[in-house]
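Chemist:
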Amino acid sequence: MASLRTRGYSHYRWRTGQIAWLFHRLTGLALVLYVSMHVWVISSLQLGPDTFAATMAVVSAPLFRFLEVGLLFCVIYHALNGLRLIAIDFFGATEKHVPLFWVVMVVGGLLWIWGGSSMIGHALEQLSHGESFFPSIGG
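Mind the numbering: the sequence shown is residues 169 to 307 in this note's numbering, read in order.
1) Classify PHE280 as helix, strand or coil using the three-state DSSP reduction.
2) Going by alpha carbons, who is nearest to PHE191 out of GLY238, ALA222, MET205 and LEU213?
3) Can you tell me whether DSSP reads PRO303 as helix, strand or coil?
4) Closer than 8 Å is the cut-off here; do at least three beta carbon pairs connect the stretch 190-210 with the stretch 285-294?
5) Taking all protein chains shown into account, do 16 or more other C-beta atoms lie within 10 angstroms of the C-beta of TRP280, making it buried, or fewer, making it exposed?
6) If you draw a straight line from the C-alpha of LEU235 to the C-alpha of ARG193, how long is it?
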């Protein structure tokens, strides 16, 4: 198998701008997937209150509580990096894109720890009360 370098990918140096670009695309994709799942959960209301309650029971499992911490990361990073991109594009901060990336990472990390800690606390509380980590589907 040919290496990335021999296939013409040697110009990617994976520096700050490339990493910020990749994270922005991946978090955007994750947010689209979340919105799709959210619409699916809400649409279960059309099938009646019992179906909605069963769907909510599945997505209330500790597994989904931990996944919500990942969702929080995606929302925070995507929003803060979007503000960084606005600063770069509209306010001439192109030469400051690297320090701005690290500001996004530090501020985002602090917000994520602050918000995620209570979310993880709720999941751990569920687990301490004997709930299964994985959702019970169909029963």
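The beta carbon of each residue, even a glycine, is placed where N, CA and C say it ideally should be.
Modeler: In this structure, then:
1) Note on residue identity: the sequence assigns Trp, not Phe, to residue 280. If DSSP states are grouped into helix, strand and coil, TRP280 belongs with the helices.
2) Comparing Cα-Cα distances from PHE191 to each of GLY238, ALA222, MET205 and LEU213, the minimum goes to GLY238.
3) Reduced to three states, the DSSP call for PRO303 is coil.
4) Touching, no.
5) TRP280 should be labelled buried.
6) Answer to the nearest angstrom: the Cα atoms are 19 Å apart.
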